[in-house]
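These protein sequence lines map, in sequence, to chains A and B. Each residue of the first sequence is one higher than the one before, counting from 1 in the working numbering. Each residue of the second sequence is one higher than the one before, counting from 1001 in the working numbering. Virtual Cβ for every residue (Gly too), placed ideally from N, Cα, C.
Number of protein chains: 2
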Amino acid sequence: MRGSGPLSSPSSTRSWWGWGTTDQALEGDALAGLGALLAERFDVEVAAPVDPVDPSTIDVPAPRVSPPGALRDLASDDPVDRLRHGHGAAFREIVRALHGDVPRIPDLVVRPGTAADVARVLDWCADAGVACVPWGGGTSVVGGVTPPPQPCVSLDLDQLDRVREIDAVSGHALIEGGATGPAIERQLGDHGLTLRHFPQSWEFSTLGGWIATRAGGHFATGPTHIDDLVAAVTAETPAGRWASRRLPASGAGPSPDRWLLGSEGTLGVITEAWLRVQPRPRSRVQASVRFATFDAGLAAVRALVRDGLRPANCRLLDPVEAALAGAAPQDATSTLLLLGFEAPERDLTAEADLAIKLARDHGGEVVDGPTVRRGDATGASEGDAGAWRQAFLQAPYLRDAIARLGGLAETFETATTWDRAGELVATLRDTATRVATEVCGGALVAVRTTHAYPDGVAPYLTVIAPGLRDAGQGVPRGRAQAAAWDEVKTAVSEAIDAAGATITHHHAVGRDHRRWYDRQRPEPFARALEAARTELDPARILNPGILTGPRSDEGGMT
Amino acid sequence: MRGSGPLSSPSSTRSWWGWGTTDQALEGDALAGLGALLAERFDVEVAAPVDPVDPSTIDVPAPRVSPPGALRDLASDDPVDRLRHGHGAAFREIVRALHGDVPRIPDLVVRPGTAADVARVLDWCADAGVACVPWGGGTSVVGGVTPPPQPCVSLDLDQLDRVREIDAVSGHALIEGGATGPAIERQLGDHGLTLRHFPQSWEFSTLGGWIATRAGGHFATGPTHIDDLVAAVTAETPAGRWASRRLPASGAGPSPDRWLLGSEGTLGVITEAWLRVQPRPRSRVQASVRFATFDAGLAAVRALVRDGLRPANCRLLDPVEAALAGAAPQDATSTLLLLGFEAPERDLTAEADLAIKLARDHGGEVVDGPTVRRGDATGASEGDAGAWRQAFLQAPYLRDAIARLGGLAETFETATTWDRAGELVATLRDTATRVATEVCGGALVAVRTTHAYPDGVAPYLTVIAPGLRDAGQGVPRGRAQAAAWDEVKTAVSEAIDAAGATITHHHAVGRDHRRWYDRQRPEPFARALEAARTELDPARILNPGILTGPRSDEGGMT
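Set out below in structure tokens:
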């Protein structure tokens, strides 16, 4: 068995308990400074930061299962490797892992080198009654990769990381399921192409994970969800290979690809897919506009998408969000709209001018731009939007630091129709503020929109709270933080559900959203999906407890 | 029981055997003129036109089933009503019906007035083991509404034809499943809104049918498929009501709506759906451009969609198609590109100019426009595009007339990636010409593209042939025409499949495409869909023989 894996990368070491790589984590003065900031902002005492437990000191039970000889070389029983695969990146998972508390540890981590290896692993799991949790980057923030209670392998696809074929005429690339964002862009870049799918987890999450969870891209409008970029998918199922035909469009029955999109590892393991790629954009226009109220900004965003404009960036930040992201001063009171258009070649001035005109019609005041840029870009953008993008990728590290300082940090995302958007934002902001203040003695709630549609919008909330008003005697600190998280998570999720909005727009269901998902999806659909799972996977080895069937205890977190 | 239904409309009578309404059918001089044209074009003798059999003279067997009292008022056993529901609008169906040959006649036509009625009908069917074929407009050209051999009701949703609710802020309308294109546009028009989904069958087909078959809209690019316009769907299944939440987007598991889209009546009966509607367009630009070759035109279309342009109209017509449609003289040798941009308000000049520039870069020569129009339009357009649109809606009537003249008329549609587009078009044109000439002694094959994507295109072929080279002794004329159709259909479909293209881009699978569909869809997907059907519909009453499960004899047509 191997004891290696992504933990041993020399230049940047993956955190075993938290987000990303350890060299990006806030430490020393930066961490202390954040503590001081929280103390000042909330007028509370903030404890000294906790250092993560050394994983080699954690007692990890011996594996309950052993693979047959042919698979032995693919399997790792290294305790730290297994600990890292015992949780995803949900707040309650990382805050407990930080304290060495990982309630579910997979018996083995298995790293297939080929699709045929995946099929062999599934065969063994089905025969031996071993659960199989497909693992991409382990970045699920909703408990989507947490092991179930039974004997279990974590199927880590990190060896399947290649761009295997390119059709430059059609703009298609065949990409393996375990390829991360940077691996994909690096390989496509050699051909002058880009996928331009940038979820916040982009540096670590994988193509297969994006498809399995219907990841939302970084673009605010137009084809941005991974759903829109998929031209064909191949998955290994316990009933054999599922491979769709590579096509620009088809009307032949329900789309097989749409069955796998969002299946969260319950129907099969996505080994490769044909994706729609494009030339690197060489034409760009950026601007930022401020509004007196969030509602005025929402009205402007609605107007411009309704008239057919499709800006790549169209993010509305409330004053708290703008300040958090460094795109506005701390005492700002305005809502900020970040606008960006991009295209391979065509001139975008007219589109940007119209967007600015519509924003002005709704009370907007231009604070920056429009700035026209032509030629290749590295992907970095400048001005307010550049500051925002940098903060965007760093946010999960900030969250980890807050966890170490005994606080709470969580994000909520949803989508609703325009008729209910303003009211939903107000309700969620109020609910999050009220409950987090009750539980933690103070709360910072920042709101932005991530995606805009002709018929609605996706609001996104960040909740930061300093500590626990009443941690209770004898409750370990990590568990107390997780319990506080649970109260806030439940209250906001109930409000989302009561408003008829979706329990998730792009974070997926996992174990954490399952309660509300069960109310949201049509009951006959759930029965049909359950029957489909049983047909393909009669031993029910694939991600038990996810989407349908008996709910487990949410990854041992209750 | 009622003997009424849509047959009794005073102003325009629906044809019982062929397309649309009898007042639009070619008769008298027009029909004779078409015969003379075919004779001249193919240098053959064309027989005198057949008059359709009077349906009241056809021997229709008594119904094998009788509904319970509560459903009796919804059911019609009128023989002509039943005959009309015994076939869709596939060529082989209408050419045989014309001669009074309808091999499958539903025992009853049932017209529910509410979704609750639909549920009651399904309950009865499940209890009594009666098959149920959901019927929208009966416009399927692929045998999608042909009854199976067993006792069967045709569930005609024509009473569910209302726009029930409008959310003008989000641009959503709640529309019943049986509403036709004109009924929808008339009701939305009262609110200044439009769905702008115009399949060729638009006058007669219904919302539920569009969703069940993944209908392709009339727009060439952008959100045009009904898939893109659906915000929520409600269906009645034998296992209860399936209703999704109305949302602009969601990442909560696989999309339930995408399971119903393309389900062809096998999972449930679509009773209503929330659709994305929009203000009537007030800004338009049109142009037409000619190219020396079809391949040059394809390259131009590719260039403009790849650069992010999304023209509403972007149809490439080969010389035969252009002449057929009246958009070019009979002796034209150029390929014609019809371009049209539209938007609610915004100025489209820059987009149209760029499209023309890109067309010129690929050897195009502007023959008309760009013509800018502002303000309300009736939907009719002018110039070459207007002539084309009129011919588009009339084409099925031309097909019926050719059937009466003993000839053959069929259309083929598919989609493929750009790398294979030119070769696929050439192969299909050659195959259709060769086989139709062998079978019929001559053939006119016209090619156009219906939809363009950044990664591919949807070619569409119209095949017209004069008669049968060798009808065979004693073979009834309608059956001989159907057999000829079968030879051409099989040869072209085999060529589509061999090229890795889709067996259908927007005509659906039905009974006629099932053979090739079975090769195209992933095998585990077919098993999963079959399991889902059995779970929801254990008595397997919904559209037996469609999509999965044992194939029947293709509607008694073999």
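Nearest C-alpha to ILE1211 (chain B) among B:SER1056, B:LEU1261, B:ARG1521 and B:VAL1053: B:LEU1261.
Here the stretch 117 to 134 of chain A lies against the stretch 232 to 241 of chain A, with 3 or more beta-carbon pairs under 8 Å apart. Residue environment: LEU317 (chain A) is assigned as buried (16 or more neighbouring CB atoms within 10 Å of its CB, all protein chains considered). Shown here, TRP242 (chain A) sits in a strand according to DSSP, grouped into three states. Boundaries for SER201 (chain A): no beta strand (DSSP E) harbours it, and the DSSP string shows neither H nor E there. Between the alpha carbons of ILE356 (chain A) and PRO281 (chain A) lies a distance of about 21 Å.
From the beta-carbon of GLN1159 (chain B), no residue of chain A is found nearer than 7 Å; the closest lies around 23 Å away.
Between LEU275 (chain A) and ILE402 (chain A), the gap from beta carbon to beta carbon reaches 8 Å or more. When secondary structure is reduced to three states using DSSP, PHE1341 (chain B) falls in the strand class. By a beta-carbon distance limit of 8 Å, ASP228 (chain A) does not contact ARG214 (chain A). Their separation comes to about 10 Å.
Here SER250 (chain A) is buried. Its C-beta has 16 or more other C-beta atoms within 10 Å. When the alpha-carbon of PRO1396 (chain B) is set against those of B:THR1180, B:ALA1089 and B:PRO1063, the nearest one is in B:ALA1089.
Across the structure, HIS225 (chain A) and ALA432 (chain A) are spaced so that their CA atoms are roughly 27 Å apart. By the 16-neighbour rule on beta-carbons within 10 angstroms, HIS1191 (chain B) is exposed.
Among the CB atoms of chain A, none fall inside 8 Å of the CB of LEU1207 (chain B).
Contact between the stretch 324 to 343 of chain A and the stretch 288 to 305 of chain A is established, with three or more Cβ pairs separated by less than 8 Å. A contact is defined here as three or more CB-CB pairs under 8 Å, and the stretch 1079 to 1089 of chain B meets this definition with respect to the stretch 1141 to 1152 of chain B. Per DSSP, the continuous alpha helix (DSSP H) segment holding PHE294 (chain A) begins and ends at 294 to 306.
If one requires a minimum length of 4 residues, the alpha helix (DSSP H) runs lying completely within the stretch 1364 to 1449 of chain B are 1383 to 1404 and 1418 to 1440, in chain order.
Short of 6 Å from the beta carbon of ALA119 (chain A), and not among the five residues preceding or following it, lie these beta carbons of its own chain, in chain order: GLU236. The Cβ atoms of ILE1105 (chain B) and VAL1153 (chain B) lie no closer than 8 Å to each other.
Annotation for GLU1165 (chain B): no alpha helix (DSSP H) segment contains it, though the beta strand (DSSP E) segment containing it runs 1163 to 1167.
Under the Cβ criterion of 8 Å, GLU523 (chain A) is counted among the residues facing chain B.
In the DSSP annotation of this structure, the continuous segment of the beta strand (DSSP E) that includes GLU236 (chain A) starts and ends at 230 to 237. A distance below 8 Å between beta-carbons, with the five flanking residues on each side excluded, links GLU351 (chain A) to the following residues of its chain, in chain order: VAL285, LEU309, PRO311 and PHE341. Sequence-distant partners of ASP353 (chain A) (beyond 5 residues in either direction) whose C-beta falls short of 8 Å from its own C-beta, in its chain, are PRO370. For GLU264 (chain A), the nearest CB of chain B lies under 8 Å from its own CB, placing it at the interface with that chain. Shown here is that no member of the stretch 1324 to 1337 of chain B has a Cβ falling below 8 Å from a Cβ of chain A. Taking a C-beta cut-off of 9 Å against chain B, the contacting residues of the stretch 453 to 484 of chain A are TYR453, PRO454, ASP455, GLY456, VAL457 and ALA458, listed in chain order.
Under DSSP, CYS1132 (chain B) forms a beta bridge with B:VAL1153 and B:LEU1542.
When the beta-carbon positions are compared, LEU1529 (chain B) and GLU1264 (chain B) stay at least 8 Å from each other. Contact between the stretch 46 to 53 of chain A and the stretch 416 to 427 of chain A is absent, with fewer than three C-beta pairs closer than 8 Å. Short of 8 Å from the beta carbon of VAL301 (chain A), and not among the five residues preceding or following it, lie these beta carbons of its own chain, in chain order: CYS314, LEU316, LEU337, THR449, ALA452 and VAL457. Between ILE1166 (chain B) and the set B:ALA1131, B:VAL1141, B:GLY1177 and B:THR1194, the nearest pair of CA atoms involves B:THR1194.
THR1057 (chain B) counts as exposed, since fewer than 16 other C-beta atoms from the protein chains shown sit within 10 angstroms of its C-beta.
Chain A places no beta carbon closer than 8 Å to that of ALA1359 (chain B), leaving this residue out of the contacts.
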